[in-house]
Amino acid sequence: LLQLAAVIIAGLLLLYIPLCYENFHFHVAHLYARLGYPNAQHILGQRYLQGTGVEKNEDMAMHWFRQAAGQGHPHSSFNLAVGALRNMTMALEEGEVEKLLSVAAAHGLQEAQQLLENILKSRNLP
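Count the sequence shown with this note's numbering and you get residues -7 to 118, in order.
Here you go:
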């Protein structure tokens, strides 16, 4: 009888993992994000932006991208710059989009380099 109970409990735990993994992962990432880890902050930004494991919320996505970008996270810097260009976040100070894209480009993000070049070219047009 004890062995049967152990097998049933193990089976229920195995069912719990795939059913609740996204929610569990979100809460763990949220904990680390609040502790200031930029990778966790970026993960939360992505989750909120895509609505994965949490209700889609662009404001929260931009909040977490801003937190991670403030610590030099290149992908968050890029996402925050794109969010600003798409009016998904509060207006950034003049030159901040270029600064964010420069951080991302310096870490090898080709999309950031291309977007930065396009922005600079468009500003130099007569």
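Each residue gets a CB set at the ideal place from its N, CA and C atoms; glycine is no exception.
*Cβ distance (whole Å) where residue 75 is taken to contact residue 54 below 8 Å*: About 5 Å separates the Cβ atoms of residue 75 and residue 54, confirming a contact at the 8 Å cut-off.
*Assigned secondary structure, residue 101 (DSSP; H/G/I helix, E/B strand, else coil)*: Three-state DSSP puts residue 101 in coil, outside helix and strand.
*Skipping 5 residues on each side, what residues in its chain have a beta carbon closer than 7 Å to that of residue 105?*
Only residues of its own chain outside the window of five on either side were considered, and among them 97 have a CB closer than 7 Å to the CB of residue 105, listed in chain order.
*Taking one C-beta from the segment 39 to 46 and one from the segment 58 to 70 each time, how about it: are there three or more such pairs within less than 8 Å?*
No, the segment 39 to 46 is not in contact with the segment 58 to 70.
*asked:* Going by DSSP in three states, residue 63 sits in which element: helix, strand or coil?
replied: In the three-state reduction of the DSSP assignment, residue 63 falls in the coil class.
*Supposed close pair residue 30, residue 65 - CB separation, criterion 8 Å*: Between the beta-carbon of residue 30 and that of residue 65 there is about 4 Å, and that keeps the pair under the 8 Å contact cut.
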